[in-house]
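Participant: Numbering (my numbering), first residue to last: 178 to 311.
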Amino acid sequence: MALKDKIQDQMVTDHETILESEFDRVEKLFRLHEDGTINLEGQYRSLDTKSQMLIYFIGQRFAYEGELAEEDTLTSSFFYDRIDKSDRTIRNYLQDLREEGYIKKEGQSEHCLIAENLPNALDQIEESVGGGNA
178 MALKDKIQDQ
188 MVTDHETILE
198 SEFDRVEKLF
208 RLHEDGTINL
218 EGQYRSLDTK
228 SQMLIYFIGQ
238 RFAYEGELAE
248 EDTLTSSFFY
258 DRIDKSDRTI
268 RNYLQDLREE
278 GYIKKEGQSE
288 HCLIAENLPN
298 ALDQIEESVG
308 GGNA
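1. Buried or exposed: where does residue 238 fall if 16 or more other Cβ atoms within 10 Å of its Cβ makes it buried?
2. Does the count of Cβ pairs from the stretch 187–207 and the stretch 258–274 closer than 8 Å reach three?
3. Which residues share a DSSP beta bridge with residue 281?
4. Grouping DSSP H, G and I as helix and E and B as strand, with all else coil, what is residue 274?
5. Could you tell me whether the stretch 228–244 touches the stretch 291–306, using the rule of 3 or more Cβ pairs below 8 Å?
6. Count the CB pairs spanning the stretch 200–207 and the stretch 251–262 that are closer than 8 Å, and state whether there are at least three.
7. Taking the alpha carbon of residue 307 as the point to measure from, which residue in 201, 186, 223, 210 has its own alpha carbon closest?
8. Given a threshold of 16 other Cβ atoms within 10 Å of its Cβ, counted over all protein chains shown, does residue 240 qualify as buried or as exposed?
Structure (C-alpha coordinates):
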(Lines of atoms letter the chains of each structure in order from A and count residues from 1; the text may use other names and numbers.)
(Lines give C-alpha, C1' and ligand atoms only; values in the text may rest on other atoms or scores of the structure.)
Protein backbone atom coordinates (compact mmCIF):
# COMPACT_ATOMS: atom_id res chain seq x y z
CA MET A 1 0.00 0.00 0.00
CA ALA A 2 1.35 3.40 -0.99
CA LEU A 3 1.93 6.02 1.70
CA LYS A 4 -0.82 8.19 0.19
CA ASP A 5 -3.33 5.33 0.54
CA LYS A 6 -2.26 4.63 4.12
CA ILE A 7 -2.68 8.27 5.03
CA GLN A 8 -6.10 8.44 3.37
CA ASP A 9 -7.28 5.20 4.98
CA GLN A 10 -5.86 5.60 8.45
CA MET A 11 -5.12 9.24 9.23
CA VAL A 12 -7.70 11.43 7.52
CA THR A 13 -10.42 12.59 9.89
CA ASP A 14 -13.94 12.03 8.66
CA HIS A 15 -16.16 14.82 10.05
CA GLU A 16 -19.34 12.90 9.24
CA THR A 17 -18.10 9.91 11.21
CA ILE A 18 -17.44 12.12 14.24
CA LEU A 19 -20.86 13.73 13.97
CA GLU A 20 -22.55 10.37 13.44
CA SER A 21 -20.71 8.67 16.28
CA GLU A 22 -21.85 11.37 18.72
CA PHE A 23 -25.43 11.54 17.44
CA ASP A 24 -27.01 9.90 20.51
CA ARG A 25 -25.27 12.35 22.84
CA VAL A 26 -26.19 15.33 20.67
CA GLU A 27 -29.82 14.33 20.17
CA LYS A 28 -30.65 15.08 23.82
CA LEU A 29 -29.47 18.69 23.62
CA PHE A 30 -31.93 20.33 21.21
CA ARG A 31 -34.61 19.94 18.60
CA LEU A 32 -34.37 21.31 15.09
CA HIS A 33 -37.30 22.84 13.26
CA GLU A 34 -37.72 22.55 9.51
CA ASP A 35 -36.65 26.18 9.09
CA GLY A 36 -33.36 25.40 10.86
CA THR A 37 -34.36 26.96 14.18
CA ILE A 38 -32.56 25.41 17.14
CA ASN A 39 -34.64 24.82 20.27
CA LEU A 40 -32.65 23.86 23.37
CA GLU A 41 -34.20 21.01 25.36
CA GLY A 42 -35.46 21.66 28.90
CA GLN A 43 -32.55 21.12 31.28
CA TYR A 44 -30.06 22.66 28.85
CA ARG A 45 -31.89 26.01 28.89
CA SER A 46 -30.73 26.62 32.45
CA LEU A 47 -27.04 25.96 31.78
CA ASP A 48 -24.49 28.74 31.95
CA THR A 49 -24.48 31.04 28.94
CA LYS A 50 -21.25 29.73 27.43
CA SER A 51 -22.54 26.14 27.49
CA GLN A 52 -25.78 27.25 25.85
CA MET A 53 -23.80 29.01 23.14
CA LEU A 54 -21.79 25.84 22.54
CA ILE A 55 -25.03 23.88 22.16
CA TYR A 56 -26.24 26.41 19.59
CA PHE A 57 -23.03 25.88 17.58
CA ILE A 58 -23.53 22.12 17.72
CA GLY A 59 -27.16 22.59 16.70
CA GLN A 60 -26.20 24.80 13.78
CA ARG A 61 -23.73 22.21 12.50
CA PHE A 62 -26.35 19.47 12.69
CA ALA A 63 -28.96 21.74 11.04
CA TYR A 64 -26.46 22.33 8.23
CA GLU A 65 -25.67 18.62 7.87
CA GLY A 66 -29.41 17.89 7.84
CA GLU A 67 -29.87 20.49 5.07
CA LEU A 68 -32.08 22.62 7.33
CA ALA A 69 -29.63 25.55 7.28
CA GLU A 70 -27.57 26.99 4.44
CA GLU A 71 -24.52 27.69 6.61
CA ASP A 72 -22.81 25.93 9.49
CA THR A 73 -21.87 29.30 11.00
CA LEU A 74 -23.57 31.55 13.53
CA THR A 75 -23.01 35.28 13.75
CA SER A 76 -22.30 37.23 16.90
CA SER A 77 -25.63 39.03 16.38
CA PHE A 78 -27.41 35.65 16.62
CA PHE A 79 -26.35 35.58 20.27
CA TYR A 80 -26.86 39.32 20.86
CA ASP A 81 -30.52 38.80 19.90
CA ARG A 82 -31.09 35.68 22.02
CA ILE A 83 -28.98 35.98 25.14
CA ASP A 84 -29.60 38.57 27.82
CA LYS A 85 -25.96 39.60 28.24
CA SER A 86 -23.97 42.56 27.00
CA ASP A 87 -22.39 42.38 23.55
CA ARG A 88 -18.98 42.52 25.20
CA THR A 89 -19.81 39.51 27.40
CA ILE A 90 -20.99 37.56 24.34
CA ARG A 91 -17.75 38.43 22.51
CA ASN A 92 -15.75 37.26 25.54
CA TYR A 93 -17.63 33.94 25.58
CA LEU A 94 -16.98 33.51 21.85
CA GLN A 95 -13.29 34.16 22.44
CA ASP A 96 -13.27 31.61 25.29
CA LEU A 97 -14.90 28.99 23.05
CA ARG A 98 -12.30 29.71 20.34
CA GLU A 99 -9.42 29.45 22.80
CA GLU A 100 -10.82 26.19 24.18
CA GLY A 101 -10.82 24.81 20.62
CA TYR A 102 -14.58 24.29 20.24
CA ILE A 103 -15.26 26.89 17.56
CA LYS A 104 -13.34 28.80 14.92
CA LYS A 105 -13.86 32.21 13.37
CA GLU A 106 -15.01 32.05 9.76
CA GLY A 107 -15.59 35.70 8.94
CA GLN A 108 -15.89 39.14 10.48
CA SER A 109 -18.37 37.97 13.10
CA GLU A 110 -19.12 34.39 12.08
CA HIS A 111 -18.07 31.27 13.95
CA CYS A 112 -18.59 27.55 13.49
CA LEU A 113 -18.11 24.34 15.43
CA ILE A 114 -14.83 22.44 15.04
CA ALA A 115 -16.22 18.96 14.41
CA GLU A 116 -13.07 17.17 15.55
CA ASN A 117 -13.58 18.58 19.04
CA LEU A 118 -17.27 17.66 19.33
CA PRO A 119 -16.61 14.82 21.82
CA ASN A 120 -14.78 17.23 24.15
CA ALA A 121 -17.51 19.84 23.74
CA LEU A 122 -20.12 17.25 24.72
CA ASP A 123 -18.03 16.23 27.73
CA GLN A 124 -17.98 19.84 28.90
CA ILE A 125 -21.74 20.25 28.43
CA GLU A 126 -22.44 17.01 30.30
CA GLU A 127 -20.16 18.18 33.12
CA SER A 128 -22.10 21.45 33.29
CA VAL A 129 -25.36 19.53 33.66
CA GLY A 130 -24.03 17.58 36.59
CA GLY A 131 -21.49 15.08 35.40
CA GLY A 132 -21.73 11.92 33.39
CA ASN A 133 -24.09 11.28 30.55
CA ALA A 134 -26.84 13.83 30.96
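Positions of the beta carbon are idealized from the N, C-alpha and C atoms, including for glycine. Given the structure is predicted, the values throughout are model-derived calculations rather than measurements.
Facilitator: Here's the rundown:
1. buried
2. Contact between the stretch 187–207 and the stretch 258–274 is absent, with fewer than three C-beta pairs closer than 8 Å.
3. 289
4. helix
5. yes
6. no
7. 223
8. By the C-beta density criterion, residue 240 is buried, having at least 16 other C-beta atoms within 10 angstroms.
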